[in-house]
Amino acid sequence: MILLQASQLTKSFGAEAILSNIKLEVKTKDRVALVGRNGAGKSTLLKIIAGELSYDSGEIIKPKSVSIGYLSQDTGLESSKSIWDELESVFQHLKAMEKKLRKMEIDMSDPELLENPVKYEKHLQEYDQLQVSFKEQGGFQYEADIRSILHGLQFHDKDYQSPIQLLSGGQKTRLALGKLLLTRPDVLILDEPTNHLDIETLTWLERYLQTYEGAVLVVSHDRYFLDKIATQVYELSRTKIIPFAGNYSNYLRLKADMYEKELKAYEKQQEEISKLKDFIQKNLARASTTKRAQSRRKALEKMELLDRPQGDEKSAHFSFDIDRQSGNDVLKVEHAAIGYGQKPICTDITFQMKRKDSIALIGPNGIGKSTLLKTLIKQIPLLDGEFQFGANVTIGYYDQEQANLRSNKRVLDELWDNYPGLPEKEIRTVLGNFLFSGDDVLKPVSALSGGEKARLALAKLMMEKSNVLILDEPTNHLDLDSKEILENALIDYPGTILFVSHDRYFINRIATKVVELTGDGTKEYLGDYDYYLTKKEELEEVKKLEAQAEIAAQLNTLNTTVRKLSYEEEKEQKRLERQKKRQVEELEMKIERLELEIESIQEELYKPENIEDHQKLLELQTKQEKLHAELDQTVEEWTLLAEEIETAPKS
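Under full-length UniProt numbering, the sequence shown has 467 at position 467, and the numbering climbs by one with no breaks.
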């Protein structure tokens, strides 16, 4: 079923065309990824589809019954409520139904209603219908759904009553995502949902979206995420849109194949045109060949000319170099404790870096990854333990928040002031390599977008030529193409790298070692992210096997103990078993008797002569309630005894 169609959409801001003749289709269960450069118009298109922004021409076709849920970039949930109360507000309709059900249950014992059989029967029918509707809409499980979403987004029981006003920006963004997921719209539109998510939460979100009942339309710069969830990719480039089947990696293959075929077709046609023109020029003036030349000129005029296929848009291109090499021992951290004030947030951090290592620091949000980097560059003091850099180490630091790029300087001056001895042309060339050209270099730094600030920070880092790079989320704000350029530059870098990233594809390409920060300290894995995952799974499997072996050993010990029971103990055990079996049989007979009595009373309740006798109905209902209570208690006793017999050691 088609849930949503965009047909021939156009959008301009002033004289600049952003979207031209956009066609997009979303069907049930589709997982559509929208990709393109920063500034290509991805967020604009999502806002138009979600009804948040107008468009110039074209149309959006959507059945009235189809619901759309939209989460914009870095949207934080603002509310005066607690976390639980805010998410529970999604289910106000179910809470209202639940309240009505409880009231209807109380009304069932109203003497006035009981005295009117017609009203009573109608009341029962309405109650049954409401209860069925309540169940079908998730009335018995919405609280479990809230807990599941909150747990997946790293909010736990102790957080539920926390006021939303006191949460960090990242937590508010995660909460906004959680609230949207609970509404379960037919089409879920997400603009950069992976921002502020750690690897564990990203993995949970991928699994959730893979099994989501509706359709998903998503913009993300996380290639690993797109490869996991996307079933179709739309590329937005130069105001146009092109669809590709499959995930992001498949899109790259198809795009390369398409470009190669189009280029071959264009080159073949150009060769044919050249031959036709050459023949016409040589033979048009000759009487014997003029007719053939005229015929070929007509064929040339009728030919539908192919445009030369446009390659990728202009990309940044840069590399990192060093002034001089460091010693072999670059960094040694021993039993370090980090945090703010005197309160540590992570302790017993121990690891080493050798020259040309590329170490990824990973761990959940809040564990102290960024804090550790800031401690190593001495922005904040070390609380305990020690660390030491080796000989000839020079450090280049990249801050994920670009804290040092908030000045009112021009882009040109932000870089040139650090290297006043270089000619302006060389500074402009460097900036041009990072896609700052023409008047772009005269913009104030404070007016730059997140992606532009990231590129400028990388330009400054490149100019330092440090032999150790400490990078805190270097791929934040970068589009997929810029990430790839950065990856290639870091792979070729002759120095040593220590970095924090939640981008698993980036970690896979860059890391030679993974250091995981946990509540107990650090664990090292000698490989990339996929190796880390494999090793973690192996360790979990070993733990399971050890646990199973321990249980088996305990059972063996227990069996040995049982075998050593004396003859008298065995006799006593058998006697108790027989006694319990007799008790079970007696309880089964009692259950059967109580069920028959309840059934008999049920029949009495519906007899016409009793429906009109209010006193009789009240007596029957009271007796039925007592029998139900006795039955419940008897069933519970029977269950406990049956379990004891089932789990008892067999003699």
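In this text, a Cβ means the ideal position worked out from N, Cα and C, and glycines have one as well.
Nearest residue (CA-CA) to residue i, options the options
{"i": "K409", "options": "V441, T429 and P420", "result": "V441"}
{"i": "I18", "options": "G41, D30 and A6", "result": "G41"}
{"i": "I2", "options": "K29, S20, E16 and L9", "result": "K29"}
{"i": "G495", "options": "E464, E401, D503 and Q131", "result": "E464"}
{"i": "P381", "options": "T350, S319, Y525 and Q342", "result": "Q342"}
{"i": "I491", "options": "H151, D357, Q131 and P243", "result": "D357"}
{"i": "M97", "options": "P344, V118, S249 and Q137", "result": "Q137"}
{"i": "N195", "options": "E304, E143, L252 and G76", "result": "G76"}
{"i": "L166", "options": "V233, I83, E126 and Y142", "result": "I83"}
{"i": "Y251", "options": "L412, V542 and E235", "result": "E235"}
{"i": "K580", "options": "L526, K536, E592 and T639", "result": "T639"}
{"i": "T634", "options": "T647, I601 and E592", "result": "E592"}
{"i": "K574", "options": "E541, K277, R102 and I645", "result": "I645"}
{"i": "Y493", "options": "D520, Q270, T522 and L461", "result": "L461"}
{"i": "G450", "options": "N476, Q161 and R428", "result": "N476"}
{"i": "K27", "options": "K378, N556 and K62", "result": "K62"}
{"i": "K47", "options": "Q73, W416 and S57", "result": "Q73"}
{"i": "K172", "options": "Q388, P185, L150 and F244", "result": "L150"}
{"i": "L478", "options": "I22, L4 and R37", "result": "R37"}
Enclosing beta strand (DSSP E) for residue i [first to last residue]
{"i": "V32", "result": "R31 to V35"}
{"i": "L236", "result": "Q232 to S237"}
{"i": "L498", "result": "T496 to V500"}
{"i": "T350", "result": "K343 to K354"}
{"i": "F387", "result": "D384 to F389"}
{"i": "T522", "result": "G521 to Y525"}
{"i": "Q5", "result": "I2 to F13"}
Inter-residue spacing [alpha-carbon to alpha-carbon] between residue i and residue j
{"i": "residue 656", "j": "G69", "result": "What is shown of the chain runs 1 to 651, which leaves residue 656 out entirely."}
{"i": "S437", "j": "G14", "result": "22 Å"}
{"i": "D481", "j": "D222", "result": "11 Å"}
{"i": "R31", "j": "S220", "result": "12 Å"}
{"i": "E334", "j": "P364", "result": "21 Å"}
{"i": "L254", "j": "D528", "result": "27 Å"}
{"i": "D198", "j": "L605", "result": "60 Å"}
{"i": "D307", "j": "L373", "result": "51 Å"}
{"i": "G339", "j": "G39", "result": "38 Å"}
{"i": "E192", "j": "L71", "result": "9 Å"}
{"i": "D472", "j": "V500", "result": "5 Å"}
{"i": "S80", "j": "L486", "result": "42 Å"}
{"i": "S109", "j": "Q615", "result": "12 Å"}
{"i": "S446", "j": "L263", "result": "42 Å"}
{"i": "A629", "j": "P344", "result": "55 Å"}
{"i": "S274", "j": "K261", "result": "20 Å"}
{"i": "L331", "j": "Q352", "result": "6 Å"}
{"i": "K354", "j": "K544", "result": "34 Å"}
{"i": "Y142", "j": "F91", "result": "7 Å"}
{"i": "I601", "j": "Q621", "result": "8 Å"}
{"i": "Q400", "j": "L153", "result": "22 Å"}
{"i": "Y127", "j": "M104", "result": "7 Å"}
Reduced DSSP category for residue i - H, G, I as helix; E, B as strand; rest coil
{"i": "I591", "result": "helix"}
{"i": "S20", "result": "strand"}
{"i": "T622", "result": "helix"}
{"i": "D357", "result": "coil"}
{"i": "E401", "result": "coil"}
{"i": "P420", "result": "coil"}
{"i": "E396", "result": "For the record, residue 396 in the displayed sequence is Gly; it is not Glu. Three-state result, G396: strand."}
{"i": "Y529", "result": "helix"}
{"i": "G39", "result": "coil"}
{"i": "D56", "result": "coil"}
{"i": "T203", "result": "helix"}
Residue span of the alpha helix (DSSP H) that contains residue i, given as start and end
{"i": "Q125", "result": "P117 to E136"}
{"i": "S482", "result": "L480 to I491"}
{"i": "Q294", "result": "T290 to K302"}
{"i": "Y70", "result": "Counting along the chain, Y70 falls outside any alpha helix (DSSP H), though it belongs to the beta strand (DSSP E) covering I68 to L71."}
{"i": "K64", "result": "Premise fails: K64 is in no alpha helix (DSSP H) and is neither H nor E."}
{"i": "K275", "result": "Y248 to N283"}
{"i": "H93", "result": "Q92 to D107"}
{"i": "K160", "result": "For the record, residue 160 in the displayed sequence is Tyr; it is not Lys. Y160 -> no alpha helix (DSSP H), and no H or E assigned at all."}
Rounded Cβ spacing between residue i and residue j (contact assumed at less than 8 Å)
{"i": "F225", "j": "L202", "result": "6 Å"}
{"i": "I470", "j": "Y397", "result": "5 Å"}
{"i": "A50", "j": "L24", "result": "Wrong, their Cβ atoms sit about 13 Å apart, outside the cutoff."}
{"i": "V218", "j": "I362", "result": "Incorrect: roughly 23 Å between the Cβ atoms, too far for contact."}
{"i": "T239", "j": "S20", "result": "4 Å"}
{"i": "A489", "j": "F318", "result": "6 Å"}
{"i": "L113", "j": "G178", "result": "Not confirmed; about 42 Å, so no contact."}
{"i": "G139", "j": "L94", "result": "5 Å"}
Cβ-heavy atom distance, residue i to the ligand MN, below 7 Å
{"i": "Q141", "result": "Questions concerning the ligand MN fall outside what the structure shown contains, since it holds no ligand whatsoever."}
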